[in-house]
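Visitor: The structure's right below; bear with me while I get my questions together.
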Amino acid sequence: MISQLQHIATLAQTALIYEVAISPKPGLVDRYTNGAHDDMDFFTFIKSIQALSPYFYRYLEEGYLHNDSLKALFEKERTIGSVAEKAMLTATEQINTHKGANFSFAVLLGAIGYHLKTNASFPFTTQDTDAVLTIASEMTSHLIDQDLTNLSEKNVLSNGEKLFIKKGITGVRGEAANGYPALKNVLLPYMRKKAHSIDELFLLRSLIFLMTQLEDTNIIHRGGVSALEKIQEETRQIHEQNLSSDQFVHELKEYDLLLTERHLSPGGAADLLSLGIFFAMLEGIF
């Protein structure tokens, strides 16, 4: 089992590397540009991933060895995740590259470890993935009430907490508590249609498809709900044109310039894409 957990931890690291490497991505850091970011680049992300990767096995192991409630498992994962986040910030000189992704991988790797106690089959089936997402939901169902109440008493608020106060948007906590619906119902079904022939271009198309529907809190934080709605409409137009490969890449380069000019970055979509890549690898379709 140790070797299997190590393999899964490596897949998580690989998924994060693939996400930042695929290019061109509108408004996001990739191999070619920094997108709408002036404080980070491709190499910042590599440093961040290297800092986080040693904790992926610990997330899995904690889930595999856990014998208490799923709420208690989350608290264990959150403690490890806090240490991982500090390692990330040290590596990036206090730049937040993967805070949301680290949260999701802590939850989901913990859920995978817990699932593997009684379901050791590999690669995953669709049913395995669904079971893991259900476990993740049960681990985090208390978070909205626990974390997002009495925020007025906190001295320092995260971007997600500020959005909850202003708009009632629950962000990554809501995604987790609801079992990652955008991952389960939007991204993974789309990726499964291309099983065993997923490549960089398809991952870019997957990102655009996800952006048509995702309530991306990174965009809302920077530009408000109106900016999100505009991006959803623009990406819908790109997606529905069924552009050839060359046309699609050209369109993405132009759209990257546009989002960079607007200072908008779909970081939530990027994080979910890394999760989609990860589960596609777990299911053996990529």
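Quick note: the sequence shown uses our numbering, first residue 1, plus one each step. Note that the Cβ used here is the ideal one computed from N, Cα and C, for glycine as well. A quick note: this is a predicted structure, and the numbers were derived from the prediction, not measured.
Output yes or no for whether 8 Å exceeds the beta carbon distance between Leu52 and His98.
Guide: Within the sequence shown, numbered from 1, the residue matching residue 52 stands at position 52. Within the sequence shown, numbered from 1, the residue matching residue 98 stands at position 98. Yes, these two residues count as a Cβ contact at 8 Å.
Visitor: Do you know whose CA, among Asp271, Phe202, Glu229, Ala269, lies nearest Val249's CA?
Guide: Taking the first residue of the sequence shown as position 1, residue 249 is located at position 249. When each option's Cα is compared against that of Val249, the closest is Phe202.
Visitor: Can you grab the Cα-Cα spacing for the pair His239 / Gln94, in whole Å?
Guide: Numbered from 1 along the sequence shown, position 239 holds the residue referred to as residue 239. Numbered from 1 along the sequence shown, position 94 holds the residue referred to as residue 94. Going by the C-alpha atoms only, they are around 36 Å apart.
Visitor: Which residues bound the alpha helix (DSSP H) around Ile208?
Guide: Position 208 of the sequence shown, counted from the first residue, corresponds to residue 208. Segment 200-211, the alpha helix (DSSP H) holding Ile208.
Visitor: Hey, could you find the ends of the alpha helix (DSSP H) Asp68 is sitting in?
Guide: Position 68 of the sequence shown, counting from 1, holds the residue named residue 68. Asp68 -> no alpha helix (DSSP H), and no H or E assigned at all.
Visitor: Using DSSP with H/G/I as helix, E/B as strand and the rest coil, what is Thr235?
Guide: Position 235 of the sequence shown, counting from 1, holds the residue named residue 235. Here Thr235 sits in helix by DSSP.
Visitor: Give every residue of the same chain whose Cβ lies closer than 8 Å to the Cβ of Ser245, excluding the five residues on either side of it in the sequence, and list them in chain order.
Guide: Residue mapping note: residue 245 aligns to position 245 of the sequence shown, counting from 1. Correct list, in chain order: Leu201.
Visitor: Roughly how far, in whole angstroms, is the beta-carbon of Met139 from the beta-carbon of Leu70, given that I think they are within contact range, below 8 Å?
Guide: Here residue 139 is taken as the residue at index 139 of the sequence shown, counted from 1. Here residue 70 is taken as the residue at index 70 of the sequence shown, counted from 1. Indeed, because the Cβ distance is near 5 Å, the residues count as touching under 8 Å.
Visitor: Less than 7 Å between C-beta atoms, sequence neighbours within five positions excluded: which residues of the same chain meet that for Ala136?
Guide: By 1-based counting over the sequence shown, the position of residue 136 is 136. Same-chain partners within the cutoff: Val107, Leu108, Ala111, Ala176, Gly179, Tyr180.
Visitor: Could you work out which residue in Lys117, Val172, Phe209, Arg173 is closest to Leu187 when comparing CA atoms only?
Guide: Here residue 187 is taken as the residue at index 187 of the sequence shown, counted from 1. Nearest option by C-alpha distance: Phe209.
Visitor: Indicate whether Ala15 and Ile285 have their beta-carbon atoms separated by less than 8 Å.
Guide: In the sequence shown, counting from the first residue as 1, residue 15 sits at position 15. In the sequence shown, counting from the first residue as 1, residue 285 sits at position 285. Result no, Cβ atoms of Ala15 and Ile285 do not sit closer than 8 Å.
Visitor: Are the CB atoms of Asp256 and Gly100 nearer to each other than 8 Å?
Guide: Mapped onto the sequence shown, residue 256 falls at position 256. Mapped onto the sequence shown, residue 100 falls at position 100. Cβ atoms of Asp256 and Gly100: not closer than 8 Å.
Visitor: Identify which residue in Leu275, Thr126, Ile219, Ser48 has its Cα closest to the Cα of Lys193.
Guide: Taking the first residue of the sequence shown as 1, we reach residue 193 at position 193. Measuring from the Cα of Lys193, the nearest candidate turns out to be Thr126.
Visitor: Given a threshold of 16 other Cβ atoms within 10 Å of its Cβ, counted over all protein chains shown, does Lys76 qualify as buried or as exposed?
Guide: Translated into the one-based positions of the sequence shown, residue 76 becomes position 76. Buried, since its Cβ has 16 or more Cβ neighbours within 10 Å.
Visitor: In chain order, what residues of the same chain lie with their CB nearer than 7 Å to the CB of Lys117, ignoring the 5 residues before and after it?
Guide: For this step, residue 117 is matched to residue 117 along the sequence shown. The answer, listed in chain order, is Tyr64.
Visitor: Apart from the five residues on each side of it in sequence, which residues of its chain come closer than 8 Å, Cβ to Cβ, to Asp130?
Guide: In the sequence shown, the residue the question calls residue 130 occupies position 130. Correct list, in chain order: Lys184.
Visitor: Helix, strand or coil for Phe74 per DSSP?
Guide: Position 74 of the sequence shown holds residue 74. It is helical.
Visitor: Starting from Lys25, trace the alpha helix (DSSP H) in both directions and tell me its first and last residue.
Guide: As a first step, residue 25 must be located in the sequence shown, where it is residue number 25. Neither: Lys25 is in no alpha helix (DSSP H) and is coded neither H nor E.
Visitor: Taking only the alpha-carbon atoms, compute the straight-line gap between Ala87 and Lys25 and give it to the nearest angstrom.
Guide: Locating residue 87 in the sequence shown gives position 87, where the first residue counts as 1. Locating residue 25 in the sequence shown gives position 25, where the first residue counts as 1. Spanning the two alpha carbons is a distance of roughly 27 Å.
Visitor: With distances taken between CB atoms, is the gap from Phe105 to Ala182 smaller than 8 Å?
Guide: In the sequence shown, residue 105 corresponds to position 105, counting from 1. In the sequence shown, residue 182 corresponds to position 182, counting from 1. Not a contact, by the Cβ cut-off of 8 Å.
Visitor: Assign His196 to buried or exposed, taking buried as 16 or more other Cβ atoms, counted over all protein chains shown, within 10 Å of its Cβ.
Guide: Here residue 196 refers to the residue found at position 196 when the sequence shown is read from its first residue. Exposed.
Visitor: When we look at the beta-carbon of Asn218 and count the other beta-carbons within 10 Å, is it buried (16 or more) or exposed?
Guide: Reading the sequence shown from its first residue, position 218 is the one you call residue 218. By the 10 Å Cβ count, Asn218 comes out buried.
Visitor: Quick one: measure Cβ to Cβ for Phe42 and Arg31, integer angstroms, because I've assumed they're closer than 8 Å.
Guide: Residue 42 sits at position 42 when you count from the first residue of the sequence shown. Residue 31 sits at position 31 when you count from the first residue of the sequence shown. Between Arg31 and Phe42 the Cβ distance is about 6 Å, and since that is below 8 Å, they are a contact.
Visitor: Checking contacts by CB at 8 Å: is Gln13 closer than that to chain C?
Guide: The structure shown contains no chain C; it holds only a single protein chain.
Visitor: Over the uninterrupted alpha helix (DSSP H) stretch that includes Arg173, give me the two end residues.
Guide: Mapped onto the sequence shown, residue 173 falls at position 173. Its alpha helix (DSSP H) spans residues 171-177.
Visitor: Keeping to the same chain, check which residues put their C-beta closer than 7 Å to that of Tyr57; ignore five residues upstream and five downstream.
Guide: Taking the first residue of the sequence shown as 1, we reach residue 57 at position 57. Correct list, in chain order: Leu5, Gln6, Ala9.
Visitor: Would you check if the distance between the CB atom of Gln50 and the CB atom of Ala91 is smaller than 8 Å?
Guide: Locating residue 50 in the sequence shown gives position 50, counting from the first residue. Locating residue 91 in the sequence shown gives position 91, counting from the first residue. For Gln50 and Ala91, yes; Cβs fall inside 8 Å.
Visitor: So Pro266 packs on Met191, CB below 8 Å; how close in whole Å?
Guide: Translated into the one-based positions of the sequence shown, residue 266 becomes position 266. Translated into the one-based positions of the sequence shown, residue 191 becomes position 191. At roughly 17 Å, the Cβ-Cβ gap does not stay under 8 Å, so Pro266 and Met191 are not in contact.
Visitor: Where does Asp68 land, buried or exposed, given buried means 16+ other C-beta within 10 angstroms?
Guide: One-based indexing of the sequence shown puts residue 68 at position 68. Asp68 is exposed by the Cβ-count criterion.
Visitor: Just verifying my parser: in three-state terms, what is the DSSP assignment at Gly267?
Guide: Here residue 267 refers to the residue found at position 267 when the sequence shown is read from its first residue. Reduced to three states, the DSSP call for Gly267 is helix.
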